[in-house]
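J.: Residue numbers (this note's numbering): 28 to 195.
Beta carbons are placed, not taken as given, at the ideal position from N, Cα and C, and that holds for glycine.
Bear in mind that the values here come from a model prediction, so they are computed numbers and not experimental data.
Attaching a single structure in structure tokens format; questions to follow.
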Amino acid sequence: MTNVQTKETPKFGLKQILEMTIVGSVILLLTIFLPTWIQGETSEIPDGYPTVAPEPPRNLKAESGSGNIELTWDPSRSWGLRGYYIYRGMEGNGIGEFLAYPYNDSVEPTLLRGDRFVDRNVNSDAKYQYFMVSENISKLLSDPSHFAIYLDDETPPELPCIPYDPGV
């Protein structure tokens, strides 16, 4: 005598079949009709959205406030601009090494709007440098802006001395 095992087929009522059909239909419709850029891919940009990266902000400046550094800039003139990300480097991290996230008090990047930002988390003995990038509604990023360097020192830097050689 052979031992045959049989599996019982699950029995679904009309209610369960309708629920599975509705959920399956909704998932199918969402995957067919939602644009791929909403699903996390940026390979397709919707019609009417910018297809080129925005310009970076211009004339970034860092000036001392009372215990903080105020950054000002001329806004990007690009169409569809969402805002800006600010990156900060400091001597303790090595000049030229920037934070992994745009600088703010949290770990998450913050998209800024407007034409100024006040950095309140500064050490009076540190040297800071900043740069910015613009982001548009297509989530395209600009090239970096020029750097703004802040030295908390009233003494102007020494001018470089280039020797004069009349034979050159």
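Can you name the start and end residues of the beta strand (DSSP E) that Lys-154 belongs to?
T.: As a first step, residue 154 is located in the sequence shown; it is residue number 127 there, counting from the start. Note, Lys-154: beta strand (DSSP E), 154–163.
J.: Going by beta carbon distance, what residues of the same chain come within less than 8 Å of Gly-110, once the five residues before and after it are set aside?
T.: Along the sequence shown, one-based indexing puts residue 110 at 83. Excluding residues within five positions, the ones whose Cβ falls inside 8 Å are Leu-138, Leu-139, Arg-140, Ser-161, Glu-162.
J.: Over what stretch of residues does the beta strand (DSSP E) that includes Arg-104 continue unbroken?
T.: Sequence index remark: in the sequence shown, residue 104 carries index 77 (1-based). Here Arg-104 belongs to no beta strand (DSSP E), and DSSP marks it neither H nor E.
J.: Can you give the beta carbon distance from Val-149 to Ile-113, rounded, assuming they're within the 8 Å contact cut?
T.: Counting from one through the sequence shown, the residue named residue 149 turns up at place 122. Counting from one through the sequence shown, the residue named residue 113 turns up at place 86. Incorrect: roughly 13 Å between the Cβ atoms, too far for contact.
J.: Look at Leu-202 and Pro-81 and say whether their C-beta atoms are less than 8 Å apart.
T.: Since the first residue of the chain shown is 28 and the last is 195, residue 202 is not available in this structure.
J.: Give me the residue from Arg-147, Ser-169, Ile-176 with the minimum Cα distance to Val-79.
T.: As a working mapping, residue 79 is identified with position 52 in the sequence shown. Of Arg-147, Ser-169, Ile-176, the residue nearest in Cα terms is Ser-169.
J.: Please state whether DSSP places Lys-166 in a helix, a strand or coil.
T.: By one-based count along the sequence shown, residue 166 stands at place 139. Lys-166 falls in the coil class under three-state DSSP.
J.: Can you tell me the Cα-Cα spacing of Arg-115 and Ile-72, whole angstroms?
T.: Working through the sequence shown from its first residue, we reach residue 115 at position 88. Working through the sequence shown from its first residue, we reach residue 72 at position 45. One C-alpha to the other measures close to 30 Å.
J.: Just confirm the distance between the C-beta atoms of Leu-87 and Ser-151, as a whole number of angstroms; I'd bet it's less than 8 Å.
T.: As a working note, residue 87 is residue 60 in the sequence shown. As a working note, residue 151 is residue 124 in the sequence shown. Actually they do not touch by this definition, with Cβ atoms about 21 Å apart.
J.: State the beta-bridge partners of Ala-80 as determined by DSSP.
T.: Here the question's residue 80 lines up with position 53 in the sequence shown. In DSSP, Ala-80 forms no bridge with anything.
J.: Apart from the five residues on each side of it in sequence, which residues of its chain come closer than 6 Å, Cβ to Cβ, to Arg-143?
T.: Along the sequence shown, one-based indexing puts residue 143 at 116. Here the set comprises Thr-99.
J.: With 16 as the cutoff for other CB atoms within 10 Å, does Ser-103 come out buried or exposed?
T.: As a working mapping, residue 103 is identified with position 76 in the sequence shown. Classification for Ser-103: buried.
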